[in-house]
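One structure below.
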Amino acid sequence: MVIIDIKTNELKSVVENMEQLNRNLATAIDDGVTSLSQLDSNNCLKISMDAAVKSFFLSLYSSFGVISDKENQEKLNAYIPVITFTMEDGFYIFYSEDFTGVDGYTYVAKTWSEKFPYYYEDEDFIYGFSLGNVISLYDKNGLLSGAERSVFKLDYHDIQTKSEYASFRNLRPESILLNDESFELVRKGTIISCIEVSMAYYTSHHNKIAQRYGITYNFSLPVIRDDEWAPFLDDISMFVVFQGYPYGNEASETYNRFLSAGAKVSKNKVYYIEQKDWYYIYHRSDCPELRQEGIIFDDTPYYTIKDCVEKGAYACEHCCKNRKHVYAPDIS
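Under the numbering used here, the first residue of the sequence shown is numbered 1, with each subsequent residue one higher.
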């Protein structure tokens with residue numbers, strides 16, 4: 001867990017001890033990220049952002065002494081413009097929005113954004129990066145397929161080694177897909193850029209929400225160095241912006257923090273579903289057979305075998321080899 005200190009000026013005291021504030025927030029984000037990944041009754045991994053958010057706020061309310069005080073809970077919420085969760089193939093932002101109720105009054109509530117992809121584009125491809133080696137590619141010029149435009153989901157190392165991509169290797173020897181160092185630089189840079197752009201937008205958006213609570217602080221995403229992002233670009237993680245909170249005995253400072261914590265989810269627990277002729281196959285994320293050849297069923301990562309089976313998918317015989325898996329019947 002990382003806390004980045006951001007100095008600023010404003011307002012007056014509510015909680016005077018900065019070390020206590022640090023502990024409150026550190027405990028809250030640790031409680032939140034601990035609840036992010038859980039084992040269900042079948043001992044399978046389940047990811048729940050709702051559970052993480054609930055645990056985070058309950059811990060925060062408890063440490064600030066407002067566990068039974070709804071009014072002060074709302075005031076505390078106003079100092080948290082965004083909470084971000086990075087998932088395997090994209091990220092979500094939890095933010096405040098105002099809406100008009102059936103009674104005609106305006107209310108404020110926390111809500112989820114859509115899922116934002118880790119998106120990047122060059123002259124040949126539209127890339128959908130992940131937190132690992134699996135990548136979605138829209139082949140704009142048919143360089144991989146040798147024909148019309150198509151979409152692939154695969155481990156990018158396959159493009160470096162498999163015979164069907166030999167012509168691409170000859171045509172584009174400088175492609176980032178053929179160089180591990182270049183690929184990682186672009187992948188991580190893309191993830192950081194995508195998250196920062198969206199977090200900056202929603203943090204700035206929060207200013208009109210804060211005004212409803214009489215908060216005059218100007219919310220904006222702090223500058224975050226790449227090395228401060230680095231520990232969290234390979235795992236599912238949680239990020240919290242906490243800004244504008246008054247502390248101390250003078251009206252000259254506010255408490256501001258950017259917090260990060262990783263869930264440490266094993267990549268071996270992530271599955272993807274591929275469509276075959278008449279059936280679906282689920283693969284582990286590191287399966288060498290994982291690829292898309294024209295028909296895409298779903299590019300969503302699944303975290304349990306149960307979720308894959310409920311989609312009607314059979315197990316891959318190459319990467320899922322034990323008795324709990326069900327394989328497609330042989331009808332040849």
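By construction, the Cβ of each residue, glycine as well, lies at the ideal position given by its N, Cα and C atoms.
On the three-state DSSP scale, how would you describe residue i?
i    : result
W278 : coil
H206 : helix
G132 : coil
K153 : strand
F239 : strand
L178 : helix
I159 : helix
G65  : coil
F219 : coil
R169 : helix
P329 : coil
S145 : coil
L21  : helix
P288 : coil
A263 : coil
Y255 : strand
A200 : helix
K115 : coil
P301 : strand
Once the 5 residues before and after residue i are set aside, which same chain residues still bring their CB inside 7 Å of it?
i    : result
E164 : none
I176 : S182, F183, V186
R225 : none
Y120 : Y127, F129, V186, T190
T27  : S59, S63
R212 : V108
N141 : D124
Alpha carbon to alpha carbon, what distance is there between residue j and residue i?
i    : j    : result
T161 : A315 : 25 Å
N256 : V102 : 36 Å
V309 : E228 : 38 Å
Y280 : F242 : 44 Å
T254 : G132 : 38 Å
V223 : Y217 : 17 Å
A166 : Q275 : 25 Å
L143 : P173 : 12 Å
K311 : I305 : 10 Å
F99  : I209 : 11 Å
S139 : E123 : It is Asp, not Ser, that sits at residue 139 in the sequence shown. C-alpha separation (whole angstroms): 10 Å.
E317 : V82  : 42 Å
K46  : D155 : 23 Å
S237 : V53  : 12 Å
E196 : L221 : 8 Å
G244 : L76  : 10 Å
G90  : Y118 : 6 Å
F395 : S48  : Any question about residue 395 goes unanswered here, given that the chain covers just 1 to 332.
Q38  : D50  : 12 Å
S193 : S204 : 16 Å
N17  : Y105 : 37 Å
N72  : Y247 : 16 Å
Tell me, which residues are paired with residue i by DSSP?
i    : result
K306 : DSSP lists no partner for K306.
I126 : E121, Y138
S96  : K110
H318 : Note: H318 sits in no beta bridge, so no partner.
T86  : F91, S237
P246 : T254
S37  : I47
Ignore the nearest five residues each way along the sequence and tell me which others in residue i's own chain have a CB closer than 8 Å to its CB.
i    : result
L25  : I3, L60, V240, F242, R257, L259
A230 : K188
V66  : N72, Q73, L76
V326 : V309, Y314, A315
Report all residues from its chain with a CB closer than 6 Å to the CB of residue i; omit the five preceding and five following residues, and keep chain order.
i    : result
V334 : The chain is shown only over 1 to 332; residue 334 falls outside these bounds and no answer can be derived.
A328 : Y279, Y314
M33  : In the sequence as presented, Met is not what sits at residue 33; that position holds Val. Only M238, A261, A263 meet the Cβ criterion.
S55  : D31, G32, S35
D180 : none
Please look up how many angstroms separate the CB atoms of residue i and residue j, rounded, as I've assumed it's under 8 Å.
i    : j    : result
T111 : M199 : Contact flag wrong, Cβ pair sits at about 15 Å.
I215 : A78  : 6 Å
T86  : F219 : Actually they are not in contact, since the Cβ atoms of T86 and F219 sit about 21 Å apart, beyond 8 Å.
L137 : F152 : 5 Å
H206 : S96  : 6 Å
C319 : E289 : 7 Å
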